[in-house]
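Written out below as structure tokens is the structure these notes cover.
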Amino acid sequence: MESSLKDSGGFWNTPKVVYSEATKSLLKNLMQEANVSNTYRQQINSQVKKGESLDQSLKNRPVRHKRNITKSNNARKMGRSFKPGIRPRHAIEASMKDDTPPYRPKPVPATSGPAEKTRLAYLMTYGEEPRAKPLDPRRNENGRFAYLKRRVHGVRKLGKNYDDNGDPLPGDDERFLELIREVKERRQFLDQMKVMGKEHIYKNEVETEISQLVREMEQIDMKRSAELEKAIELQETRGQQPH
């Protein structure tokens with residue numbers, strides 16, 4: 001390293017050292033290789049700039065990455081919270097004598113679910129509780145109670161001439177009209193349950209019953225068609241016979 005003294009003169013004004021560019025470059029490379037902290041670098045640069053000798057009492061603190069510091073802090077926290085070993089007998093007995101009731105989760109209310117969501121949506125939209133639509137008394141007194149009554153007594157099976165009470169079944173025309181009325185009752189019942197948010201409870205069962213009733217209506221219609229064809233054939237046969 002080359003350095004030169006700058007004469008200023010005077011007893012109290014000591015000469016300052018002027019560091020060469022090669023010396024400054026060497027110091028810079030050494031600080032980078034040693035990973036010197038910013039504070040220590042500023043002090044060295046200040047002393048070099050002022051022409052002072054380097055202070056050997058300074059202690060360098062190498063820079064550590066924040067990621068490593070965070071990991072070490074987390075490791076310390078985990079180490080402090082962990083308590084290895086087996087609990088002594090008196091600690092176990094003390095925990096067994098604790099009168100604190102065990103934790104029990106709150107029961108789920110019966111009103112929760114899709115039905116409650118539908119009811120709340122209706123309440124927020126219209127500002128009132130959902131109500132069943134009034135039925136036309138000319139068509140049916142009460143479709144819901146009529147449907148429930150039929151469910152209690154059961155649905156008639158196909159191919160029987162008498163019902164469960166021993167009464168004769170109505171004719172095809174009366175039965176066809178009755179089937180139409182029963183299908184309407186079930187449709188009205190589903191509409192009422194939909195407004196109340198309980199359609200999913202009865203939908204599959206009611207639609208199955210409706211399909212059975214429609215099937216019976218188809219059989220009655222096929223029977224009517226067959227009887228009509230026989231009547232036409234008989235009429236044609238009589239018309240072809242010689243008088």
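Per full-length UniProt numbering, the sequence shown starts with residue 1, numbered consecutively. Here a beta-carbon is modelled for each residue, glycine too, at the ideal position from N, C-alpha and C. None of the values given here were measured: they were computed from a predicted structure.
So residue i is in the alpha helix (DSSP H); what residue range does that whole segment cover?
i, result
"residue 126", "114-126"
"residue 17", "Note, residue 17: premise wrong, no alpha helix (DSSP H); beta strand (DSSP E) at 16-19."
"residue 40", "38-50"
"residue 93", "89-96"
Any idea what DSSP makes of residue i, helix, strand or coil?
i, result
"residue 183", "helix"
"residue 100", "coil"
"residue 131", "coil"
"residue 190", "helix"
"residue 22", "helix"
"residue 28", "helix"
"residue 225", "helix"
"residue 214", "helix"
Give me the Cβ distance between residue i and residue j, rounded to the nearest whole Å; I'm assuming they're in contact under 8 Å.
i, j, result
"residue 197", "residue 118", "4 Å"
"residue 218", "residue 179", "About 10 Å separates the two Cβ atoms, so there is no contact after all."
For residue i and residue j, I'd like the C-alpha separation in whole angstroms.
i, j, result
"residue 36", "residue 26", "14 Å"
"residue 194", "residue 201", "10 Å"
"residue 128", "residue 209", "33 Å"
"residue 106", "residue 95", "25 Å"
"residue 123", "residue 116", "10 Å"
"residue 177", "residue 184", "11 Å"
"residue 112", "residue 225", "52 Å"
Is the beta carbon of residue i sitting closer than 8 Å to the one on residue j?
i, j, result
"residue 190", "residue 206", "yes"
"residue 16", "residue 48", "no"
"residue 172", "residue 230", "no"
"residue 187", "residue 220", "no"
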